Structures are given as structure tokens and as C-alpha cells.
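With the first letter of the sequence shown counted as 1, position 255 gets the number 388 in this note's numbering; the numbers rise by one all the way through. Where a beta carbon is used, it is the ideal one built from N, C-alpha and C, also for glycine. These numbers were taken from a predicted model, which means no experiment stands behind them.
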Amino acid sequence: MMISRRETLRLAALGTAAMLGSHPIAASAASKVRIGVLKFGTVSWELDTLKEHKFDAANGIGLEVIYFAGEDATNVAILADAIDMIVTDWLWVSRQRSDGGDVTLSPYSTAVGAIMVKDASPIRTIPDLKGKKIGVAGGALDKSWLLIQALARRDHGLDLPAISDVVFGAPPLFSEKAIQGELDAVLNFWHFCARLEANGFRRLIGANDAEKALGAAGPVSALGYVFHDKWANENPQAVRGFLKASAQAKDLLARSDEEWLRLAPIVRAEGKELAKLRDRYREGIPRRPVAEEAADAGRLYRVLAGIGGEKLVGSAPEMAPGTFWQEPAK
């Protein structure tokens, strides 16, 4: 019997997820939402809050969290229709749409990474990075790294990869190497930066600073809840119910320090680290109209396409229409 490529991907994705497990809540098929997330990702903090306070049930859905070992696995799973939703960035969504796909994104967080240096470091400005060893998490096409490169070129005439010793590696490894003094600076994901801030580091420049300098009018969500247009059209109550539940969880995390204390074992932090992670998470809660974020993302897309080229965005010179989901009028 022949099996389609989509079905093969679906079975492979479910097999990967089965090894890590899921956390289901009973629900009717019409109101069930299956979301794939990384086992130890920051999204789990919000989802745990959502489930602990039964915001899903209050909004007429049943949430099933399926854990994956890596981002590539979640991407495969949603493209194979093995799950309903993932969290990823708008560049990936735009590229899928440009290639004929129908995935779309609802903002999750504007929190982004930053170049971090020790408090006592003589590095104070971007030009001070000349000749320094910089660790970059996320690879050469990391969006934050490209934005900061673009700003360095525009404002200082500097090609950071050419004038610095740039190395790429895993986020936790680079945080440790920065603490040990093996790196002069490190560009890491936002939550690793927050932990460094609580342990004697300061922000040299954040990707959010680069975004604003390069034309964004305000914060742009780096990540969003991603799902298929087709699924959203067929399950409008599920989409609305999930996004309302997510907003209620964010609201609780924005105002309740006690909720963060409850989450401490999941966050795996306490004291100053927990407080800094809490504060940076709160700063990253999206508060702008989606249309404004989408317009700014389109501006940044052109900057990123100019520096990252086809390896980053494919052949599309503009962000694909529909990358950011606009809820249809009821």
C-alpha cells in the first residue's frame, strides 16, 4: 500500500512526539487544540499557567500539549497536520507562505536576544567589538544577529563578522563560556540573556534596539502561535478560545509575582534570576495591534532579506501576505 509523503511526515512526527509524551485534557474533537512545544522551552511557562488555572476550559477548549525535542520536529509535525499549532518565528511562516503553504501567526512574544558583556567589560559600543571574540547562538542566519549586523553596517560602516572573531554554538554552552571569560561578548536568546543579567552581565545592544533603529515603530513579536489558515477557518471557536486563554495566562503572569513563585521549579530559577526572567517576560508581552506589528515586520523583512539573502528568505523579496493572522470579522 502506498503512503503519501504528508502521511509519512505525520507518522514520523507523532513517533518523535510519543517519545517525549504529552499532557492531554479531555475534550470534544471540535474544541480540542493540539500544540507542539519544546520540552523545556519558555512557552511551557505560559501553557502551564493556562492549564493550572483552567483558562482553556473557561474558553471552551481542551488543550493537549505535545512535547518535542527540537524546533525542526515541531515544524515537520505541523506541516504534516500531526498537530494544530506550534510556536515559531514569522520569517519561517513567510517562507512557507511564499512556497505555497497556508501557515499563519498570532503574536506570542516580542522578547528577543541581546549582545551581553560582563559589567566590568570595556566594551561599551558596537565599534568596541572590533577584534573581540563573539559567541552567537542560533547560527549565522539568526534573525537577531542579522539585525545587529545591519545596524553596525548602517551606523558604523562595520562588517561585524569580518572585524570580529565570531563563533557559533549552543545557547547554554555560550552562556557558560561567557561566564568563564572565554568569550568577550555573547549574543544569546532572551531568557539566557536574562539569566546572565542576574549574574553580572549587562546588555550592550538588544535585537529590539536594532529593530527600532532600522524602522520598526514599536516592538515586533519574534515568535507567534502558528497554525494553518484552513484549520482556523474550520475551527474558529478553537482558535479564538485558545488565544483568549493565552491572553488570560499572560495577564496573570504580568500582574502576579506569586504565580512566578509557583512556576519557579519549571523555570528552574529562583531569587534574582527568577525576578529578571519574570521582568523580561513581562516586557515581551505583545500589546500592539496585529496590523502594526505586521507592517513593522514587513519593513524588517526587507532589511533581513538584504543581508541574509536567499539562504534566509528564499526568492521572495517581500514578506508574504497573511504571515500575521488577522481574526476575521464576526
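Assigned exposure category for residue i - 16 Cβ within 10 Å defines buried
i: Asn192; result: buried
i: Ser227; result: buried
i: Ala427; result: buried
i: Arg138; result: Low confidence applies to Arg138: its pLDDT is 46, below 50, so where it sits in the model is not reliable, and the reading given next is rough at best. Classification of Arg138: exposed, given that the 10 Å Cβ count is below 16.
i: Asp252; result: exposed
i: Pro352; result: buried
i: Phe325; result: buried
i: Ser448; result: exposed
i: Phe173; result: exposed
i: Gly441; result: buried
i: Pro450; result: exposed
i: Asp232; result: exposed
i: Ala438; result: buried
i: Ser308; result: buried
i: Gln466; result: Coverage of the chain is limited to positions 134 through 463, which leaves residue 466 absent and any answer about it impossible.
i: Lys395; result: According to the sequence provided, residue 395 is Arg. The question's Lys does not apply to it. The residue in question, Arg395, is exposed, as its Cβ has fewer than 16 Cβ neighbours within 10 Å.
i: Leu306; result: exposed
i: Ala163; result: For Ala163, the predicted structure reports a pLDDT of 42, less than 50, and the residue's modelled location is therefore unreliable. The matter cannot be settled from this model.
i: His361; result: buried
i: Pro157; result: Any reading at Pro157 must be qualified, since the residue scores a pLDDT of 45, below 50, and its modelled position is unreliable; the value itself is stated next. With fewer than 16 Cβ atoms within 10 Å of its Cβ, Pro157 is classed as exposed.
i: Gly271; result: buried
i: Val446; result: buried
i: Gly333; result: exposed
i: Lys187; result: exposed
i: Ser389; result: exposed
i: Asp205; result: exposed
i: Glu492; result: Because the chain spans 134 through 463 in this model, residue 492 falls outside it and cannot be assessed.
i: Ala430; result: buried
i: Ala453; result: buried
i: Ala283; result: buried
i: Asp189; result: buried
i: Glu185; result: exposed
i: Ala424; result: exposed
i: Thr175; result: buried
i: Glu330; result: buried
i: Glu179; result: buried
Beta-bridge pairing of residue i - partner residues as DSSP gives them
i: Lys165; result: Gly195
i: Gly268; result: Val300 and Val319
i: Val170; result: Tyr200
Cβ-Cβ separation, residue j to residue i (assumed contact under 8 Å), whole Å
i: Lys263; j: Ile296; result: 5 Å
i: Ala318; j: Ile281; result: Contact doesn't hold; Cβ gap of about 11 Å is too wide.
i: Ser265; j: Ile259; result: The sequence given here has Lys at residue 265, not Ser. Actually they do not touch by this definition, with Cβ atoms about 11 Å apart.
i: Asp298; j: Ile267; result: 7 Å
i: Arg336; j: Ala247; result: 4 Å
i: Val551; j: Asp217; result: Absent from the model: residue 551. The displayed extent of the chain is 134 to 463, so no value can be given.
i: His378; j: Leu212; result: The question names His, but residue 378 in the sequence shown is Ala. At roughly 25 Å, the Cβ-Cβ gap does not stay under 8 Å, so Ala378 and Leu212 are not in contact.
i: Ala408; j: Val245; result: Contact flag wrong, Cβ pair sits at about 20 Å.
i: Trp223; j: Phe375; result: Not a contact, Cβ separation roughly 18 Å.
i: Val359; j: Ala365; result: That belief does not hold up - the Cβ atoms of Val359 and Ala365 are roughly 11 Å apart, past 8 Å.
i: Leu413; j: Trp278; result: The identity of residue 413 in the sequence shown is Arg, whereas the question assumes Leu. Rounded, the Cβ-Cβ distance is 19 Å, inconsistent with contact.
i: Gly169; j: Pro240; result: 18 Å between Cβ atoms; not a contact.
i: Asp275; j: Val269; result: 6 Å
i: Glu344; j: Leu433; result: 6 Å
i: Pro103; j: Asn321; result: The first residue shown for the chain is 134 and the last is 463, placing residue 103 beyond what the model contains.
i: Ile399; j: Ser242; result: With 8 Å as the limit, Ile399 and Ser242 do not qualify as a contact, their Cβ atoms being about 17 Å apart.
Proximity test, residue i beta-carbon vs the ligand COA heavy atom, cut-off 6 Å
i: Val400; result: Looking at this structure, you won't find the ligand COA or any other ligand, since it has none at all.
Min CB distance residue i to chain C below 7 Å
i: Ser227; result: In the displayed structure, chain C is absent; only one protein chain is listed.
*asked:* Suppose only complete runs of 4+ residues qualify. What are the alpha helix (DSSP H) ranges in the stretch 383 to 461, listed by chain order?
replied: 390 to 400, 404 to 416 and 423 to 446
*Please specify which runs of the alpha helix (DSSP H), each continuous and at least 4 residues long, are wholly inside the stretch 299 to 376, giving them in chain order.*
304 to 312, 323 to 330, 340 to 346 and 362 to 367
*asked:* For a minimum of 4 consecutive residues, which ranges assigned as the alpha helix (DSSP H) are wholly contained in the stretch 202 to 250?
replied: Fully enclosed alpha helix (DSSP H) runs of 4 or longer: 204 to 212 and 223 to 231.
*Please confirm if the stretch 414 to 425 is in contact with the stretch 371 to 389, defined as three or more CB-CB distances below 8 Å between the two stretches.*
yes
_Pairs of beta-carbons, one from the stretch 347 to 361 and one from the stretch 196 to 203, closer than 8 Å: are there three or more?_
Touching, no.
*Is the stretch 305 to 314 close to the stretch 387 to 405, with three or more CB pairs under 8 Å?*
As far as the Cβ criterion goes, the stretch 305 to 314 does not touch the stretch 387 to 405, which means the pair count is below three.
*asked:* With a threshold of 8 Å, are at least 3 pairs of Cβ atoms found where one atom belongs to the stretch 284 to 291 and the other to the stretch 235 to 251?
replied: Taking 8 Å as the limit for Cβ pairs, the verdict is that the stretch 235 to 251 does not touch the stretch 284 to 291.
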